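Everything below concerns the one structure shown next.
Protein chains: 2
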Amino acid sequence: MDTRISRRKFLEAGSVTTAGVALAAGSKKTAYAADKKKVRVGIVGTGNRGCSLLTTMLHIEGIEFPALCDINTANLARAQEILTKAGQKKPEGYVEGDHAFEKLMEREDLDAVIIATPWQWHTPMAVFAMKHGKYVGVEVPAAITIDQCWDLVKTHEKTGVPCMMLENWSFRSDNLALLNMVRQGMFGEIVHCHCAHSHDCIDHWFFDPEGNIRWGGEFLINRNCDQYPTHSLGPVLSWLDINCGDYFEYVTSTASDSKGINAYFTRKFGPNHPNAKRKYKQGDIVTTVVRTYKGKSIVINYDMQLPRPYDNRWMLQGTEGIYNEQRNALYIVDKSPEYHQWEPFPPYMENYNHYWYSDKEWQAAIEQGHGGTDFLELSVFIDAVRNGTQTPIDVYDSVVMSCIVGLSEKSIASGSKPVKCPDFTNGRWKNKKPTFGVKA
Amino acid sequence: MDTRISRRKFLEAGSVTTAGVALAAGSKKTAYAADKKKVRVGIVGTGNRGCSLLTTMLHIEGIEFPALCDINTANLARAQEILTKAGQKKPEGYVEGDHAFEKLMEREDLDAVIIATPWQWHTPMAVFAMKHGKYVGVEVPAAITIDQCWDLVKTHEKTGVPCMMLENWSFRSDNLALLNMVRQGMFGEIVHCHCAHSHDCIDHWFFDPEGNIRWGGEFLINRNCDQYPTHSLGPVLSWLDINCGDYFEYVTSTASDSKGINAYFTRKFGPNHPNAKRKYKQGDIVTTVVRTYKGKSIVINYDMQLPRPYDNRWMLQGTEGIYNEQRNALYIVDKSPEYHQWEPFPPYMENYNHYWYSDKEWQAAIEQGHGGTDFLELSVFIDAVRNGTQTPIDVYDSVVMSCIVGLSEKSIASGSKPVKCPDFTNGRWKNKKPTFGVKA
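As they're listed, the protein sequences go chains A and B. Residue 1 is where the first sequence starts when you use the numbering used here, and the numbers rise one by one after that. Residue 1001 is where the second sequence starts when you use the numbering used here, and the numbers rise one by one after that.
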C-alpha cells in the first residue's frame, strides 16, 4: 500500500521537472541520490551508435562507466578502448549471449543504463533496467509494438524509475527556439503540424554497402508500418503539448507499395541478386495522420527507402502564423514585414534561442566542438540521474512517440481504418503542465 | 441504338487527343466542326474570374463572343465593355434571374461555353450546356458532390459533348516539364506525391476585405471537407497516370478544428463581430490521403483559412529520384552530382520544357505579355472546340479531381474512415493511354 502511495506521489511529482524523485519503495536503491557526485552509467550496445553516445558522454563531467555490454566482442573491446584511452578505468565487459545485459543491470554500482541495441531489444532491456532501479536512457524507438509501450508504462508505474527515450531531434536548437516562440503564443493557437523522417537508409542502415541485410532490414520483410516515427514526432510533441494538455485521439495510416528496395538492388547489384528478388512487406512511404482530442492534426511521413536527400519537413501552423523548416522561413501576421511573404527563420532562431543553448556550459561545450543535440540530450539525462529528478522526456513521452509504429501497422493492415490511440497516461494528459525545456 | 454506338465510339476515340470527335447523334449540332474558323464562345459568369478569362481569350485568334450571362448587371456591362473596347461586337447579355444561362446555352450560334460562376452552379450549368451541344469549359471545382460528378459523367456519356474543367495549374510550365521527366522515366516508378492548396483566402475570397461574407464563405459554415482540391491535384493526375493506367482506390480524410476564421475576425474586427462569433464547420487544415489501385499514395492538403504565404508544396517521389517544388530542387540517382544532395530544378525545367511552351505561338504570346497558364489552357480548349476533338482535360479528369470534395467530406464525417472512390470511368482507366500534353 505504501508502495502504491509513493508511486503515485512520484507520478505526480514527475510532472514537474524541478521536483525531486525518490525511487519507489521496493525497487533496488542505488547510491546516486545520496552521492550527488559521480553518475555511474552502464552501456548496453556498443556498436556505432553506442560508441557515439559514449564518446559524447566523455565530455560531460562526473560520469563513470563501470560496465559495458555487447554480444559482439570487437564492439565491446573498441568501447573499452575508448574509455581507457580517455584515461578512465577499463569497464567490465558483458558479452556472453543475448541476456548478458541482465548481469550488467543487476550490478549495484550503476545509477543508469544507456541502451543502444537493435529495436526489438529496447523495451525488454528498459523494463529489466527499471526493475533493477536503473534510470533508463533508451535509443529510438523505445517500443515497436503497443504491448511494448504498455510494458514500459506499467513497469515505470510499478517501479517509479524514470525511462527516457533518447530522441535527440527534440533537442535541436532550431526546434527549441521554435518551442519558445510557440509558448509565447507567436503562432496563435496551434492547429496543424507536418513532420517526416525522410532519410534514405537502404545502403547503410537496413543493408550494408555490400548489400547484406542488417538487423534493421529484417523489419522491412515482415512489417508494414511507420518503423521510425520518433525523429519526426519528437519536437512536435512539445510544440503541440501532447501529454500535457492534448493527446492523440486516433490515427489513420496509408502505405504505398514497396518498390524502392527492389529497385535499389536491381540497380546496384543486378536483377538476380537475392535482395532484388525478395518480397518486402514495408511500403516505401507511409503517411500517418493523427487527430488530437483538442482538434489538431499531425501528418507523419515514414520515408526511408527511396533515394533522396535527408529531410524532416517540419511545418507548424497556427491561427497567427506558420513555420516551415524546409524553407527555413516563417510568416507571422502583423509581424512579418510583407503580407503573405516568407521571412527568414534564422534571426528568430537567434532571438528566441532556448536557455539550454544560451547556458554558458553548453556554449563552452559547443565551442569545444562537442556540442550539439546528443551532448545536450545526454547532459540533461545525466543531470536528472544525478539529481534524482524526472527525465525531460519521460516514459509517457517515450511511448506516445513510439506507439505510432504499432498504430500505423494496425491501420495499414485494415486498409487505413482509424485506430484509437490508447491513453498511456490514464487521463493525466488533461491536467499535466508542460515540463520539457521549461526552466526550473 | 445508333446513338449508343456513336457514343461508345466517341468515348473510345476520346482516349486519343488526335482522334476527331463527332458529337453524338441526337445532340444539337453546331456549326463549328464544318466551319473550322471562328469559334463562338458564350461566357456564363462575368465576375472577376470570368472577365479575366475573357481578357485572356481576346489574345487567342479566331474567337467570337456572341453572348454573355451574369446575374449582376454591372458585371455584365463591364464584360461587354471589355469586348467593345477590343473592337468586337457588343455581345448579347443575359441577366434575368438564376436561370438566364439557359437562354444563352439554348442559342444555336455558340460552339462552347465558359462557366465561371459560384461553385454550386458549375455542374448544373455544365450539364445543361452539354445537353445543348456546347463544349464546356468549367471553372474549378467542376463538381462539389459525388452526385454532381456522376451527373457530369452521365451527361457526357449520353450527349458525347466534351467537358473540361479549367484546372490551370495542370498547364504550369514547371509542372509540364516535370511531366516530361516523369514520362521519360527519370524518377523511375512513381510511388508517392504530396500536394496542397495552401492559400489564405479569408480576406478576399471567402469574405470581402470589409468582413462581409461572400458566396464562397457560405461553404465554410455548413461543410467540412477539402473544398478546393483541384489546384493541388491537377498536375499530380498526369504525373501519376490517374485515369490512364491507375485510379484512386480509396481516401481517408482528417480535418483539424476550425480556429482560423474566428481568430481572423477577432483580430481584425473585434470579438463581437458577428463573423467572429459564428460557428464554422470547415476545419482549417484538411489532410486527405489517397491510395491508388497500383499502390501509389497521394497526400492532398486543403489549407485556405490560416495566415500564410501561397504554396502548393508539390513533391513527387519515385524509385530513382525526387522532385520538391518548395525547394525548387530535385535529386536523381546516378545523375545528380552529389550523393543525397538537392540540385536546382530550373536547368531541368529548361531542358525538359514541354512542347506546349516551346511552340512558337506560345512563345510569341508569352513575349507579348499575355502568356501563361490561362492562355495555354484556354488555347488548347479552343483548339479542341475548333477541331471537334476531345479536350486535354476530359470529363473523367474533371470529376476525379473534383470528387475529393465529396469523398473527403464523407470520410471526415465518419471519423476519418476510408471511403472508396467510385469508378467514374467504368474500368476504362485500366487500358486508356495517357493523352494530356501528349504531342499529336
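Just so it is clear, CB atoms sit at the ideal spot from N, CA and C, and this is done for glycine as well. Computed from a predicted structure; not experimentally measured.
Cutoff 8 Å; reference residue i; Cβ partners in own chain excluding five residues on either side
i           : result
Thr-252(A)  : Thr-288, Val-289, Ser-411, Ser-416, Lys-417, Pro-418, Val-419
Pro-1229(B) : Pro-1141, His-1197, Thr-1288, Ile-1300, Tyr-1302, Met-1401, Ser-1402, Ile-1404, Val-1405, Ser-1408
Ile-213(A)  : Phe-206, Phe-207, Asn-275
Pro-434(A)  : Arg-183, Ser-238, Asp-241, Cys-244, Gly-245
Pro-1321(B) : Checking the sequence, you will find Gly at residue 1321(B) rather than Pro. Contacts found: Met-1186, Phe-1187, Gly-1188, Leu-1330, Tyr-1331, Ile-1332, Val-1333, Lys-1335, Ser-1336.
Neighbourhood of residue i by C-beta distance below 7 Å, restricted to the same chain and skipping five residues each side
i           : result
Thr-117(A)  : Val-44, Gly-45, Met-125
Gly-318(A)  : Phe-187, Gly-188, Glu-189, Ile-190, Val-191
Asp-1423(B) : Tyr-1247
Thr-1505(B) : This structure cannot settle anything about residue 1505(B), because the visible part of chain B is limited to 1001 through 1440.
Thr-1155(B) : Val-1127, Met-1130, Lys-1131
Val-1385(B) : Tyr-1032, Val-1039, Asp-1111, Ala-1112, Tyr-1135
Glu-102(A)  : Phe-128
Leu-76(A)   : Thr-46, Leu-68, Asp-70, Gly-93, Val-95
Given residue i as reference, the closest of the options once Cα atoms are compared
i           : options                                            : result
Tyr-310(A)  : Gly-1217(B), Leu-1330(B), Thr-1292(B)              : Leu-1330(B)
Leu-53(A)   : Thr-435(A), Ile-382(A), Ala-440(A), Glu-210(A)     : Ile-382(A)
Arg-1327(B) : His-1340(B), Gly-1321(B), Phe-1345(B)              : Phe-1345(B)
Gly-1047(B) : Ala-1067(B), Asn-1072(B), Ile-1060(B)              : Asn-1072(B)
Thr-1292(B) : Asp-257(A), Arg-313(A), Asp-284(A), Lys-277(A)     : Asp-257(A)
Ser-358(A)  : Asp-109(A), Ser-173(A), Ala-255(A), Val-41(A)      : Ser-173(A)
Gly-1427(B) : Gly-1270(B), Arg-1049(B), Thr-1084(B), Glu-1249(B) : Glu-1249(B)
Asn-1224(B) : His-1204(B), Cys-1069(B), His-1231(B), Asp-1284(B) : Asp-1284(B)
Glu-1106(B) : Leu-1068(B), Gln-1390(B), Ile-1202(B), Ala-1177(B) : Leu-1068(B)
Gly-1217(B) : Ile-1202(B), Asp-1151(B), Gly-1087(B)              : Ile-1202(B)
Lys-430(A)  : Ile-298(A), Tyr-323(A), Lys-294(A)                 : Lys-294(A)
Asn-1262(B) : Val-1286(B), Arg-1308(B), Ile-1298(B), Ile-1221(B) : Ile-1221(B)
Gln-227(A)  : His-273(A), Tyr-348(A), Thr-145(A)                 : Thr-145(A)
Lys-281(A)  : Glu-210(A), Tyr-352(A), Ala-413(A), Ile-60(A)      : Ala-413(A)
Arg-313(A)  : Ile-82(A), Gly-50(A), Ser-232(A)                   : Ser-232(A)
Trp-356(A)  : Arg-278(A), Val-438(A), Glu-343(A)                 : Val-438(A)
Spatial neighbours of residue i in its chain, beta-carbon cut-off 6 Å, leaving aside the 5 residues before and after
i           : result
Lys-1038(B) : Gly-1062, Glu-1064
Val-1380(B) : Pro-1392
Phe-1171(B) : Thr-1373, Leu-1376, Glu-1377
Ala-1086(B) : Leu-1058
Phe-436(A)  : Ser-238, Pro-392
Short CB-CB distance (under 8 Å) between residue i and chain A
i           : result
Gly-1415(B) : yes
Leu-1023(B) : Annotation note: pLDDT 37 at Leu-1023(B) (below 50); position unreliable, coordinate value reported separately. Output row for Leu-1023(B): interface = no.
Asp-1441(B) : Only positions 1001 to 1440 of chain B appear in this structure, which leaves residue 1441(B) out of reach.
Gly-1427(B) : no
Gly-1260(B) : yes
Asp-1241(B) : no
Thr-1254(B) : yes
Pro-1271(B) : no
Pro-1418(B) : yes
Gly-1185(B) : no
Tyr-1250(B) : yes
Nearest-angstrom Cβ-Cβ length linking residue i and residue j, presumed shorter than 8 Å
i           : j           : result
Asn-180(A)  : His-354(A)  : 6 Å
Leu-1152(B) : Ser-1398(B) : 7 Å
Pro-235(A)  : Trp-169(A)  : 6 Å
Leu-1104(B) : Cys-1193(B) : Not really, about 39 Å apart at Cβ, beyond 8 Å.
Gln-1305(B) : Gly-1270(B) : About 19 Å; that fails the 8 Å criterion.
Pro-1307(B) : Asp-1147(B) : At roughly 34 Å, the Cβ-Cβ gap does not stay under 8 Å, so Pro-1307(B) and Asp-1147(B) are not in contact.
Glu-1081(B) : Ile-1115(B) : With 8 Å as the limit, Glu-1081(B) and Ile-1115(B) do not qualify as a contact, their Cβ atoms being about 21 Å apart.
Residue-level contact to chain B via CB, residue i, 8 Å cutoff
i          : result
Gly-188(A) : yes
Leu-306(A) : yes
Ala-263(A) : yes
Trp-342(A) : yes
Tyr-228(A) : no
Val-333(A) : yes
Asp-246(A) : no
Pro-209(A) : no
Tyr-310(A) : yes
Pro-346(A) : no
Chain B contacts made by the region 313 to 327 of chain A, where a contact means CB separation under 9 Å: Cβ contacts with chain B: Arg-313, Met-315, Gln-317, Gly-318, Thr-319, Glu-320, Gly-321, Ile-322, Asn-324, Gln-326, Arg-327.
Going along the region 1274 to 1303 of chain B in order, which residues come within less than 7 Å of chain A, judged by CB to CB distance? The residues in question are Asp-1284, Ile-1285, Thr-1287, Val-1289, Arg-1291, Gly-1295, Lys-1296, Ser-1297, Val-1299.
Using Cβ-Cβ distances below 7 Å, what residues of the region 1191 to 1202 of chain B are close to chain A? Cβ contacts with chain A come from Val-1191, His-1192, Asp-1200.
Of the residues that make up the region 1399 to 1410 of chain B, which ones have a beta carbon closer than 9 Å to any beta carbon in chain A? For the region 1399 to 1410 of chain B, the beta-carbon criterion of a distance under 9 Å to any beta-carbon of chain A is satisfied by none of its residues.
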